[in-house]
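Residue numbers (the numbering used here): 8 to 121. Glycine included, each C-beta is placed from N, C-alpha and C at the ideal position. Predicted model only: the values in this text are computed from it and were never measured. One structure is given here, and the rest of the page talks about it.
This is how it looks when you write it as C-alpha cells:
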C-alpha cells in the first residue's frame with residue numbers, strides 16, 4: 008500500500024510538526040534577539056526543519072519506487088505463470104500410457120545421486 012506523504016501545512020498540524028515549528032521559532036528568536044547571530048538562527052530555525060522535511064519526502068519517494076517495482080514484479084510473475092500454463096497445456100500429448108509407463112531417469116537425477 009503506497010504511503011501518502013504529508014504536505015508542509017499538514018505536517019505542521021501533527022503534534023510532532025507543531026513541536027518542531029515551536030522549537031524552530033524559539034531557536035530563531037533566541038539567535039536573533041539574544042545572541043544577535045542571524046545566520047545561526049537561519050541554520051537552526053529554518054535549515055533543520057526544511058532538512059528533516061526533505062528527508063521525509065525522500066524516504067516517501069523511495070517507498071513509492073519500491074512499491075511500484077513490487078507491483079511490476081507481481082504483474083510479470085502473473086504473466087509468466089499464465090504463459091507457462093498455456094504453454095504446458097499445448098505441449099502435452101494426449102497419450103494415456105505416459106502416466107503408467109515408467110520414464111527413463113534423466114541426467115539430472117543421475118547427477119544428484121552422485
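With a cut-off of 8 Å, do at least 3 Cβ pairs link the region 24-37 to the region 50-60? yes
| query | What separation, rounded to the nearest whole angstrom, lies between the Cα atoms of residue 69 and residue 49? | reply | 29 Å
Pick out whichever of 76, 36, 75 has its Cα sitting closest to the Cα of residue 147. The chain is shown from 8 up to 121; residue 147 falls before or after that span and cannot be answered.
Checklist entry - Is residue 21 helix, strand or coil by DSSP? => result coil
- Message: So, under 8 Å CB-CB, residue 32 and residue 38 are touching, yes? Tell me the CB distance rounded to an integer number of Å.
- Response: With 8 Å as the limit, residue 32 and residue 38 do not qualify as a contact, their Cβ atoms being about 11 Å apart.
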